[in-house]
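Peer 1: Under the UniProt record's numbering, the first residue of the sequence shown carries the number 1, and numbering increases by one thereafter.
The structure's right below; bear with me while I get my questions together.
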Amino acid sequence: MKIKVLMVCLGNICRSPLAEGILKSKVDSDSVFVDSAGTAGYHVGNPPDKRSIAVARKYGINISEQKCRKFSSLDFLEFDHIYVMDRSNFSDVASLAKNKEEAAKVKLLLSETELGIKEVPDPYYGGDDGFENVYQMIDRACEAIANKLN
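So this is what it looks like as structure tokens:
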């Protein structure tokens with residue numbers, strides 16, 4: 001039975017698509033399924049932000065075929081681990097949990113690292129450097145998660 005991991009940010013166009021692509025590149029797809037979603041439905045059906053696609057491509061990861069979707073309370077039933085990018089996403093997702101078991105699935109992504117920070121900043125309104133910085137943070141967290149799952 002596959003372990004299922006969901007990555008969540010606000011719009012599902014910058015951070016969570018990167019996290020999905022990065023973690024997929026580090027785990028065995030036969031044993032781990034990875035997806036992503038957003039807490040807001042602004043971009044449903046759209047591909048990730050071009051800057052996320054570009055920084056992923058720089059490291060040999062293709063996320064251009066991903067499509068944005070909105071987080072649903074049904075995701076608690078489908079996924080074993082739900083990683084969120086910041087405290088606002090954490091609150092939004094945790095508020096939909098129906099019980100302690102569902103709530104326990106939700107964690108801040110960077111809690112898997114020793115970076116000393118807890119939130120992945122949203123690079124949407126910044127420049128390309130912000131996407132590189134976010135990629136590096138997410139990569140560190142995904143490496144730690146992959147080590148636990150593999």
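Every residue gets a Cβ at the ideal spot worked out from N, C-alpha and C, and that includes glycine.
Being a predicted model, the structure only gives us computed values, none of them experimental.
(1) Quick one: complete alpha helix (DSSP H) runs, 4+ long, within the stretch 42-129?
(2) Could you check how far apart the C-beta atoms of ARG51 and VAL120 are, in whole angstroms? I think they sit under 8 Å.
(3) So which of SER95, LEU149, LYS70, LYS2 has the shortest CA-CA distance to THR39?
(4) Taking the CB atoms as reference points, tell me whether LEU23 and VAL34 lie closer together than 8 Å.
(5) Could you name the residues that DSSP lists as bridge partners for LEU6?
(6) State the Cα-Cα distance for the pair GLY116 and ALA141, rounded to the nearest angstrom.
(7) How far does the alpha helix (DSSP H) with ILE13 in it reach, from first residue to last?
(8) Distance check for LEU77 and SER101, CA to CA, integer angstroms please.
(9) How big is the Cα-Cα spacing for ASN99 and LEU18?
(10) Quick check on LYS26: buried or exposed, where buried means 16 or more other Cβ atoms within 10 Å of its Cβ?
(11) Taking only the alpha-carbon atoms, compute the straight-line gap between GLY130 and MET137 and give it to the nearest angstrom.
(12) What residue from ASP28, ALA56, SER95, LEU10 has the CA that sits closest to LYS2's CA?
Peer 2: The relevant details are as follows:
(1) 50-58, 75-78, 87-94, 100-104
(2) Start at 1 with the first residue of the sequence shown, and residue 51 comes out as number 51. Start at 1 with the first residue of the sequence shown, and residue 120 comes out as number 120. Actually they do not touch by this definition, with Cβ atoms about 15 Å apart.
(3) Here residue 39 refers to the residue found at position 39 of the sequence shown. Here the closest residue by C-alpha is LYS70.
(4) In the sequence shown, the residue the question calls residue 23 occupies position 23. In the sequence shown, the residue the question calls residue 34 occupies position 34. Yes.
(5) Counting from one through the sequence shown, the residue named residue 6 turns up at place 6. Answer is ASP35, ILE82.
(6) Numbered from its first residue, the sequence shown carries residue 116 at position 116. Numbered from its first residue, the sequence shown carries residue 141 at position 141. Cα to Cα, GLY116 sits roughly 12 Å from ALA141.
(7) Translated into positions along the sequence shown, residue 13 becomes position 13. Element bounds for ILE13: n/a, residue is neither H nor E.
(8) Position 101 of the sequence shown holds residue 101. Position 77 of the sequence shown holds residue 77. The residue asked about is misnamed: residue 101 is Glu in this sequence, not Ser. Looking at the two C-alpha atoms, the distance is approximately 10 Å.
(9) Along the sequence shown, one-based indexing puts residue 99 at 99. Along the sequence shown, one-based indexing puts residue 18 at 18. For ASN99 and LEU18, the distance between alpha carbons rounds to 29 Å.
(10) Locating residue 26 in the sequence shown gives position 26, where the first residue counts as 1. That one is buried.
(11) In the sequence shown, the residue the question calls residue 130 occupies position 130. In the sequence shown, the residue the question calls residue 137 occupies position 137. Approximately 11 Å, taken between the alpha carbons.
(12) Start at 1 with the first residue of the sequence shown, and residue 2 comes out as number 2. Closest by alpha carbon: ASP28.
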